[in-house]
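In this note's numbering, the protein residues as written are -13 to 81.
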């Protein structure tokens, strides 16, 4: 990535960094929030009975970043992740 960053690239980089900081500061809050968002997303798809293009949803686009943050949490704070293992597994299964 060349410097200076475009406004969109700078915003995306800042958001990724903020997400990582929030997740490492409060792993249970991060995991629970992501699990609730996955549940909301799947319920919305089930209720509408339509096959929206799943690849355009924000949750689907953020999958790689969320998985990266969860991997960091597993490495740095395994006890916090173990306490919420069901929610973590549901995320992997739903997406």
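Using N, Cα and C, we set each Cβ at its ideal position, and we do this for glycine too.
For residue 6, the enclosing alpha helix (DSSP H) stretches over residues -7 to 11. A direct Cα-Cα distance of roughly 11 Å separates residue 7 from residue 59.
In the DSSP annotation of this structure, residue 43 is not part of any alpha helix (DSSP H), being labelled neither H nor E. In this chain, the alpha helix (DSSP H) harbouring residue 64 covers 64 to 69. DSSP places residue -10 in the coil class of the three-state scheme, outside both helix and strand.
Inclusion of residue 14 and residue 53 in the CB contact set at 8 Å is not warranted, their separation being larger than that value.
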